[in-house]
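In the working numbering, the protein residues as written are 64 to 497.
No residue lacks a Cβ here, since even glycine has one placed at the ideal position from N, Cα and C.
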Ligand code: URA
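Printed below as a string of structure tokens:
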């Protein structure tokens with residue numbers, strides 16, 4: 064087989080065979096195809112697409128390019144969820160504890176944050192001693208014993224994706240539904256769970272800018288998952304304003320704790336409940352959303368979800384005292400209130416800009432090598448649709464160095480006002496794959 068012929072075929076808008084896709088991914092993994100040829104094929108895919116069968120085959124070949132975790136020694140259905148990334152997204156911690164408290168086995172591999180979006184691992188590491196790097200055996204043992212583990216990647220998962228993503232990043236070939244869907248799903252498939260819930264975010268702070276694109280991506284990922292024998296569903300959720308009220312690592316841990324205790328922000332709690340309903344049905348622990356919601360509400364009100372979070376922190380070496388008393392979590396040196404200069408309805412909150420401003424405080428990384436300051440971040444006091452008066456609190460800033468005039472100006476620019484009443488945005492726009 065000649066790789067040149069494969070590029071030629073995709074250039075001419077023809078579907079690749081399973082053998083051709085396997086030959087490509089083997090060549091990527093073994094370094095036998097030069098980067099310029101791989102890049103040419105990537106560009107041809109961006110321009111001419113891939114059908115559902117090709118996309119699923121690509122995900123499967125990528126999944127098999129490295130280690131594949133086998134969770135079959137753990138009894139019951141193993142569940143995973145994945146978010147395409149957003150601002151203030153602390154869902155995995157709270158939702159994981161909620162559904163695990165209802166009896167689900169949650170085996171979750173998460174990532175670090177880069178740019179305006181945060182990563183679950185960074186958030187968990189704001190708890191003293193928390194270990195995100197368990198061995199595969201420790202990971203399985205923990206899921207088996209307590210039903211919940213959230214860790215970084217173990218082993219060499221999907222090496223083909225690492226190479227392809229690095230090339231896509233520098234050849235303007237990131238933006239392609241089959242390439243994004245196969246990249247995300249190859250990693251989910253390799254992490255071994257039986258069911259996958261995808262939280263595909265749309266809007267300004269998200270990878271997909273509008274609902275239609277988010278649905279197209281979600282459907283492409285559902286098709287891959289289902290073709291490869293995983294029960295896969297997706298939620299399309301709003302990222303046109305931060306999720307919950309907090310942005311920043313320790314602040315988000317605190318909000319996740321408050322949420323599993325039943326006093327989290329309304330939008331974030333609703334997202335967790337809707338996601339939890341789906342996961343409990345996928346995991347065959349509930350037969351209807353109503354039954355699932357009751358189970359989740361009980362897990363919260365009886366303190367079981369909080370207990371589960373505590374257990375996970377204890378198992379992973381974290382300081383449980385910080386979970387019991389969140390005053391012990393890292394705290395910033397300074398706290399500054401940002402108050403509204405005008406009256407009106409909040410018509411827009413630029414979530415991506417808020418993510419970038421939080422990153423500049425030290426809550427996130429501009430490059431992979433940057434250190435994280437766990438204590439700093441933002442606590443929002445308003446949501447889209449709220450009416451504010453001049454002098455009302457918009458946001459509290461937790462910081463360790465002086466805020467520059469430019470930073471404060473940019474913070475004010477993240478809020479837009481209207482004289483007319485503005486409808487709040489529903490957090491869950493749609494559920495796909497039911
Ligand atoms: N996230 C991934 O893991 N892969 C992509 O291609 C895009 C986002």
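Q: Could you tell me if the beta carbon of residue 237 falls within a distance shorter than 8 Å of some heavy atom in the ligand URA?
A: Yes - the ligand URA has a heavy atom lying nearer than 8 Å to the Cβ of residue 237.
Q. Should residue 148 be listed as close to the ligand URA, given that the test is whether its C-beta is under 8 Å from any heavy atom?
A. With a cut-off of 8 Å, the C-beta of residue 148 is classified as near the ligand URA, since at least one heavy atom of the ligand falls inside that distance.
(Q) Alpha carbons only, please: which of 70, 476, 152, 131 is nearest the one belonging to residue 310? (A) For the residues 70, 476, 152, 131, the minimum Cα distance to residue 310 belongs to 152.
**Q.** CB contact flag (residue 250, residue 172, <9 Å)
**A.** Note that the C-beta distance between residue 250 and residue 172 is below 9 Å.
Q) Okay, do the region 477-487 and the region 427-443 touch, 3+ Cβ pairs below 8 Å being the bar? A) The answer is no - the region 427-443 does not touch the region 477-487, with fewer than three Cβ pairs under 8 Å.
Q) Any heavy atom of the ligand URA closer than 8 Å to the Cβ of residue 242? A) Short note on residue 242: C-beta closer than 8 Å to some heavy atom of the ligand URA.
Q) So, using beta-carbon positions, are residue 542 and residue 299 closer together than 9 Å? A) Residue 542 is absent from the structure shown; the chain starts at 64 and stops at 497.
Q.
Quick check on residue 485: does DSSP put it in helix, strand or coil?
A. Secondary structure at residue 485: coil, using DSSP grouped into helix, strand and coil.
Q. Name the DSSP bridge partner or partners of residue 295?
A. Beta bridge pairing from DSSP links residue 295 with 259.
Q. Taking 8 Å as the cut-off, is the CB of residue 120 close to at least one heavy atom of the ligand URA?
A. Answer for residue 120: no, Cβ out of range of the ligand URA.
Q: Assign residue 265 to buried or exposed, taking buried as 16 or more other Cβ atoms, counted over all protein chains shown, within 10 Å of its Cβ.
A: With 16 or more Cβ atoms within 10 Å of its Cβ, residue 265 is classed as buried.
Q: State yes or no: is the C-beta of residue 295 within less than 9 Å of the C-beta of residue 496?
A: For the pair residue 295 and residue 496, the CB atoms are nearer than the 9 Å cut-off.
Q.
Suppose the cutoff is 8 Å on Cβ atoms and the five residues either side in sequence are ignored; what does the same chain contact list for residue 70 look like?
A. Within the same chain, residue 70 has close Cβ partners 100, 103, 104, 107.
Q: With hydrogens ignored, establish whether the beta-carbon of residue 481 is closer than 8 Å to any heavy atom of the ligand URA.
A: No, Cβ of residue 481 sits at least 8 Å from all heavy atoms of the ligand URA.
Q | Status (buried if at least 16 other CB within 10 Å, exposed otherwise) for residue 443 | A | With 16 or more Cβ atoms within 10 Å of its Cβ, residue 443 is classed as buried.
(Q) Contact defined as beta carbons within less than 8 Å: I believe residue 189 pairs with residue 392. What is the distance between those atoms, to the nearest angstrom? (A) The distance from the Cβ of residue 189 to that of residue 392 is about 6 Å, consistent with a contact at the 8 Å cut-off.
Q) Under the rule that 16 or more other beta-carbon atoms within 10 Å means buried, what is residue 469, buried or exposed? A) With a threshold of 16 other beta carbon atoms within 10 Å, residue 469 falls short and is exposed.
(Q) So for residue 141, helix, strand or coil by DSSP? (A) The answer is strand: DSSP assigns residue 141 an E or B state.
Q: Compute the minimum distance between the beta carbon of residue 224 and the heavy atoms of the ligand URA, and state whether it is under 8 Å.
A: Yes, Cβ of residue 224 sits closer than 8 Å to a heavy atom of the ligand URA.
Q: Output yes or no for whether 9 Å exceeds the beta carbon distance between residue 263 and residue 118.
A: The Cβ atoms of residue 263 and residue 118 do not sit closer than 9 Å to each other.
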